[in-house]
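Participant:
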Amino acid sequence: MEATGTDEVEKIKSKFMSAWHNMKYSWVLKTKTYFSRNSPVFLLGKCYHFKTDESGELSSDGSNFDKINTEISGNVEEFRKDFISRIWLTYREEFPQIKGSVLTTDCGWGCTLRTGQMLLAQGLMLHFLGRAWVWPDALDIDNSDSESWTAHTVKKLTASFEASLTAEREPKILSNHHQGTVKRNCDDNEMRNEVYHRKIISWFGDSPLAAFGLHQLIEYGKKSGKIAGDWYGPAVVAHILRKAVEEARDPELQGVTVYVAQDCTVYSSDVIDRQCSFMDSGKADTKAVIILVPVRLGGERTNMDYLEFVKGILSLEYCVGIIGGKPKQSYYFAGFQDDSLIYMDPHYCQSFVDVSIKDFPLESFHCPSPKKMSFKKMDPSCTIGFYCRTVQDFEKASEEITKMLKSSSKEKYPLFTFVKGHSRDYDFASSPLHEENDLFSEDEKKRLKRFSTEEFVLL
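Structure (structure tokens):
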């Protein structure tokens, strides 16, 4: 009886926390982000120009189009469509209880897991859909101007406590967008793309069976000493994502692997071994690889000397973004303009969506408006991600990034390096391809514990 009472207290506490974080962060979602007309905007390798003869700024929601010519307006629309098409993964509440805890929300502690999910989702989008793909319904997303997010939060909080008093489940506030949408006459390619769009999102659903859902990531995190409710850093999340992809059983995911750099070093032979692991089973094709590189961009604060390198990385079409943030908050960085980074924020707590049902609503998985942050406010601890479809793509990327690292480094040593050979050739005890049944090798566990004490991601 006492345990039941404790569970109820924890549930009520989680509702308060969800409401508090929504009120704390939701004003950011409501505010408009302004972009300069005179500087290019980069988003995951794509460049957009809003330049006109007039000086001034442009609102990201398109509300200032009346003074802008048609060509520039079209470019802004293309940027908005591209940005909104990226998969947005945020705090959720009222999802199935996390094993070993009473938690039904990740509000307040899961932000780095969410930004890691967004980076992996972008890698999978490149793999299955390609960089040119955009969601046809992207510009139909409500940018929430009609109602403030804080007012929405108050409504949900009221409904939540009414439900808890009557022992009923909290009602979900769902969009009616799908009900009024006229079905398109899609050709076969559009239909295929929409199937993959939904499938990728479903892999990140908040249920125990979802391959890259929060429940699974937390299970893998336990191997590094993490439990639900703990804070996760960018490097720890990189290793968790690698394990999640390795353990995924969906046949569609067998053509993708993840490599995590060791001590800021990418060992080329280890990467190629991962890509060629299909050949052991008699298949001729190689695997695509998502390379994750945990780095620090300075000591206590981010070193501004790294700005040009970060901008260069985000200018590459095979970049899948950066898991980073500012102190106490994790963001998913996907682009830049001038000295400001463009990001998606996971800190808004949304209702659980059951992705197992047919035609589940997609709107809450796409961010209606980009946000910007000065590079100098960025926390130095982050993880950079790249996608390479073939071995040739990896070799080309390693050459291109190495040149970028050398040209941008004012120090004796670059931020990270690509070296030929295997990690075992450099006195590392074990190859990442030949681990025991335990999900993390002893060497990895030591590194993860070190990262856990160094990294920043708090509430």
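At position 300 of the sequence shown (counting the first as 1) the number is 300 in UniProt numbering, and the numbers step up by one without a gap. Every residue gets a Cβ at the ideal spot worked out from N, C-alpha and C, and that includes glycine.
1) Between V9 and the rest of its own chain, which residues show a CB-CB distance below 8 Å, the 5 nearest in sequence each way excluded?
2) Hey, quick one: how far does the alpha helix (DSSP H) through Y220 stretch, first residue to last?
3) Can you tell which of C382, E190, V266 has its C-alpha closest to the C-alpha of V236?
4) Short of 6 Å in beta carbon distance, which residues of its chain neighbour I291, apart from the five on each side in sequence? Order them along the chain.
5) Does the pairing of the segment 411-427 with the segment 262-276 give three or more beta-carbon distances under 8 Å?
6) What distance in whole Å lies between the Cβ atoms of K81 and T138, which are believed to be in contact at a cut-off of 8 Å?
7) Going by the beta-carbon positions, is the gap between residue 460 and M118 smaller than 7 Å?
8) If you run the structure through DSSP and keep just helix, strand and coil, what is K46?
9) If we call anything under 7 Å between Cβ atoms a contact, is R131 one with Q350?
10) Rounded to a whole number of angstroms, what is the C-alpha to C-alpha distance between K13 and W109?
11) Can you tell me whether S356 is buried or exposed, with buried defined as 16 or more other CB within 10 angstroms of its CB?
12) Please name the residue, chosen from V310, W88, K222, that lies closest to H197 on a Cα-to-Cα basis.
13) Do T112 and S408 have their beta-carbon atoms positioned less than 7 Å apart in this structure?
14) Give the secondary structure of I201 by DSSP, where H, G and I count as helix, E and B as strand, and everything else as coil.
15) State the Cα-Cα distance for the pair P414 and S340, rounded to the nearest angstrom.
16) Is DSSP giving I290 helix, strand or coil here?
17) Comparing alpha-carbon positions, which option in K377, Y34, T115 lies nearest W231?
18) Starting from Q329, follow its DSSP beta bridges and name the residues at the other end.
19) Could you give the residue range of the beta strand (DSSP E) that holds D341?
20) What are the start and end residues of the beta strand (DSSP E) that includes C382?
21) Thinking I141 and H347 are a contact (beta carbons under 8 Å), I'd like their distance in whole angstroms, please.
22) According to DSSP, simplified to helix, strand and coil, what is V102?
23) Taking only three categories from DSSP, how would you classify R92?
24) In whole angstroms, what separates the C-alpha of F16 from that of F95?
25) What are the boundary residues of the alpha helix (DSSP H) that includes T402?
26) Who are the Cβ neighbours of F336 in its own chain at under 7 Å, not counting the five residues just before and after it?
27) So is K243 buried or exposed if we call it buried at 16+ other beta carbons inside 10 Å?
28) Is it buried or exposed for residue 521, if we count other Cβ within 10 angstroms and need 16 for buried?
29) To the nearest angstrom, report how far apart W135 and D425 are at their CA atoms.
30) For a test of the three-state rule: what should DSSP assign to A132, helix, strand or coil?
31) Could you spell out where the alpha helix (DSSP H) holding S277 opens and where it closes?
32) With distances taken Cα to Cα, identify the nearest neighbour of D359 among S39, K46, K199, C107.
33) Looking at C-alpha atoms only, which residue of T402, C388, G325, G225 is the closest neighbour of M378?
34) Here's a check: name, in chain order, each residue in its chain whose Cβ is nearer than 6 Å to the Cβ of G299, leaving out the five neighbours to either side.
35) So what does DSSP say about Y318, is it helix, strand or coil?
36) Is the distance from the Cβ of A238 to the Cβ of P327 below 7 Å?
Facilitator: Let me lay it out:
1) As a position in the sequence shown, residue 9 is number 9, starting the count at 1. Closer than 8 Å at Cβ, skipping near neighbours: no residue.
2) Counting from 1 along the sequence shown, the entry for residue 220 is found at position 220. Segment 214-221, the alpha helix (DSSP H) holding Y220.
3) Taking the first residue of the sequence shown as position 1, residue 236 is located at position 236. Distances from the alpha-carbon of V236 to those of C382, E190, V266 put C382 closest.
4) As a position in the sequence shown, residue 291 is number 291, starting the count at 1. Only Y259, F386 meet the Cβ criterion.
5) Counting C-beta pairs with one atom in each stretch, the segment 411-427 and the segment 262-276 have three or more that are closer than 8 Å, which means they touch.
6) As a position in the sequence shown, residue 138 is number 138, starting the count at 1. As a position in the sequence shown, residue 81 is number 81, starting the count at 1. The sequence shown places Ala at residue 138, rather than the Thr named in the question. The Cβ separation is near 4 Å, so the contact holds.
7) In the structure displayed, the chain extends from 1 to 459; residue 460 sits before or after that span and is not available.
8) For this step, residue 46 is matched to residue 46 along the sequence shown. Residue state for K46 is assigned as strand, using DSSP reduced to three classes.
9) Here residue 131 refers to the residue found at position 131 when the sequence shown is read from its first residue. Here residue 350 refers to the residue found at position 350 when the sequence shown is read from its first residue. No. Outside cutoff.
10) Here residue 13 is taken as the residue at index 13 of the sequence shown, counted from 1. Here residue 109 is taken as the residue at index 109 of the sequence shown, counted from 1. Roughly 14 Å separates the two Cα atoms.
11) Start at 1 with the first residue of the sequence shown, and residue 356 comes out as number 356. Exposed.
12) Here residue 197 is taken as the residue at index 197 of the sequence shown, counted from 1. Answer by Cα proximity: W88.
13) Residue numbering aside, residue 408 sits at position 408 when the sequence shown is read from its first letter. Residue numbering aside, residue 112 sits at position 112 when the sequence shown is read from its first letter. Cβ atoms of S408 and T112: not closer than 7 Å.
14) Translated into positions along the sequence shown, residue 201 becomes position 201. Here I201 sits in helix by DSSP.
15) Numbered from its first residue, the sequence shown carries residue 414 at position 414. Numbered from its first residue, the sequence shown carries residue 340 at position 340. Approximately 23 Å, taken between the alpha carbons.
16) Here residue 290 refers to the residue found at position 290 when the sequence shown is read from its first residue. Reduced to three states, the DSSP call for I290 is strand.
17) As a working mapping, residue 231 is identified with position 231 in the sequence shown. When each option's Cα is compared against that of W231, the closest is T115.
18) Translated into positions along the sequence shown, residue 329 becomes position 329. Bridge partners of Q329: K326.
19) Locating residue 341 in the sequence shown gives position 341, where the first residue counts as 1. It is worth fixing the name first, because residue 341 is Leu in this sequence and not Asp. Residues 340-344.
20) Here residue 382 is taken as the residue at index 382 of the sequence shown, counted from 1. From DSSP, the beta strand (DSSP E) with C382 extends over 381-388.
21) Numbered from its first residue, the sequence shown carries residue 141 at position 141. Numbered from its first residue, the sequence shown carries residue 347 at position 347. Wrong, their Cβ atoms sit about 19 Å apart, outside the cutoff.
22) For the purposes of this step, residue 102 is taken as the residue at position 102 of the sequence shown. Of the three classes helix, strand and coil, the one that applies to V102 here is coil, per DSSP.
23) As a first step, residue 92 is located in the sequence shown; it is residue number 92 there, counting from the start. Reduced to three states, the DSSP call for R92 is strand.
24) As a first step, residue 16 is located in the sequence shown; it is residue number 16 there, counting from the start. As a first step, residue 95 is located in the sequence shown; it is residue number 95 there, counting from the start. Using only the alpha carbons, I get a separation of about 16 Å.
25) By 1-based counting over the sequence shown, the position of residue 402 is 402. From DSSP, the alpha helix (DSSP H) with T402 extends over 391-408.
26) As a working mapping, residue 336 is identified with position 336 in the sequence shown. Excluding sequence neighbours, F336 sits near F42, K311, L314, I342.
27) One-based indexing of the sequence shown puts residue 243 at position 243. The residue in question, K243, is buried, as its Cβ has 16 or more Cβ neighbours within 10 Å.
28) The structure shown has nothing for residue 521, since the chain only spans 1 to 459.
29) In the sequence shown, counting from the first residue as 1, residue 135 sits at position 135. In the sequence shown, counting from the first residue as 1, residue 425 sits at position 425. So the two alpha carbons sit approximately 45 Å from each other.
30) Your numbering for residue 132 matches position 132 in the sequence shown. The answer is coil: DSSP assigns A132 none of H, G, I, E or B.
31) Stepping through the sequence shown from its first residue, residue 277 is reached at position 277. Segment: none, S277 is in no alpha helix (DSSP H) and carries neither H nor E.
32) Looking up residue 359 in the sequence shown gives position 359. Answer by Cα proximity: K199.
33) On the sequence shown, position 378 is the one that residue 378 refers to. Of T402, C388, G325, G225, the residue nearest in Cα terms is G325.
34) Along the sequence shown, one-based indexing puts residue 299 at 299. Exclusion of the five residues before and after G299 leaves no residue of its chain whose Cβ lies closer than 6 Å to its Cβ.
35) The residue you call residue 318 lines up with position 318 of the sequence shown. If DSSP states are grouped into helix, strand and coil, Y318 belongs with coil.
36) For the purposes of this step, residue 238 is taken as residue 238 along the sequence shown, with counting starting at 1. For the purposes of this step, residue 327 is taken as residue 327 along the sequence shown, with counting starting at 1. No. Outside cutoff.
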